[in-house]
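Notes follow the structure.
Numbering (the numbering used here), first residue to last: 118 to 314.
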């Protein structure tokens with residue numbers, strides 16, 4: 118079946134680039150087909166652009182989150198003791214009542230005689246954190262509401278996960294476009310070789 122299609126395409130190409138003397142203008146054929154190769158690659162890229170952009174957005178969000186954690190770690194130089202005050206919970210799939218609960222810890226700590234709370238921004242299982250557990254809280258002396266809690270590593274892990282997923286998504290679809298380009302180029306080159314042989 119594919120050989121029949123290739124033969125039909127080959128005959129069509131031959132007639133399009135054959136002059137009245139029966140000579141095939143292979144240079145013009147190759148030039149036009151090279152333009153077609155570039156067009157097809159751009160076409161595949163355009164079709165998958167939403168997925169590629171989504172992947173890059175994941176990478177950006179993850180990189181920004183990771184940068185924020187590193188910046189917090191560097192700025193929060195004063196150590197104080199804190200505790201896991203409570204957990205904010207939500208279902209991992211809000212549409213499914215049987216889905217599992219995930220948690221974001223709420224920490225309480227004292228700095229310079231004032232009491233503060235910090236609510237974690239990432240949800241996961243509780244891990245090693247339990248209500249009432251004592252933790253070290255690193256505080257930014259210029260902004261006591263800004264903290265870094267070494268035992269609460271979920272935010273950092275989630276940022277890394279975002280980067281990995283983003284790279285896999287973007288890289289996967291770019292790789293697919295390159296694969297389709299190679300596949301298309303191979304088919305075209307075979308037809309050109311058949312017609313110019």
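For each residue, glycine too, the CB sits at the ideal point set by N, CA and C. No experiment lies behind these values; they were computed from the predicted model shown.
Residue 161 and residue 297 do touch by the CB rule: their CB atoms are close to 5 Å apart, below 8 Å. For residue 190, the uninterrupted alpha helix (DSSP H) run begins and ends at 166-192, by DSSP.
Minimum Cα-Cα distance from residue 207 among the listed residues 196, 221, 201 and 199 corresponds to 221. Unbroken alpha helix (DSSP H) stretches of 4 residues or longer found wholly inside the stretch 221-271: none.
For residue 206, the secondary structure class from DSSP, reduced to helix, strand or coil, is strand.
Looking at the backbone, the Cα of residue 200 and that of residue 282 are separated by about 33 Å. Just measuring C-alpha positions, the residue of 169, 167, 173 and 197 sitting nearest residue 267 is 197. For the pair residue 224 and residue 256, the CB atoms are not nearer than the 9 Å cut-off. For the pair residue 271 and residue 237, the CB atoms are nearer than the 9 Å cut-off. Exclusion of the five residues before and after residue 265 leaves 189, 190, 193 and 255 as the residues of its chain whose Cβ lies within less than 7 Å of its Cβ.
The beta carbons of residue 279 and residue 178 sit closer together than 9 Å. The Cβ atoms of residue 293 and residue 262 do not sit closer than 9 Å to each other. Between residue 241 and residue 219 the beta-carbon gap is near 6 Å, inside 8 Å, which marks them as a contact. Listed in chain order, the non-local C-beta contacts of residue 182 below 6 Å within the same chain comprise 276, local neighbours out to five positions each way being set aside. In this structure, residue 248 and residue 205 do not form a Cβ contact; the two beta carbons are roughly 12 Å apart against a cut-off of 8 Å. For the pair residue 168 and residue 295, the CB atoms are not nearer than the 9 Å cut-off. Here the alpha carbon of residue 258 sits roughly 20 Å from the alpha carbon of residue 269.
With 16 or more other Cβ atoms from the protein chains shown falling within 10 Å of its own Cβ, residue 246 counts as buried. Among the bridge pairs identified by DSSP, residue 197 is matched with 254.
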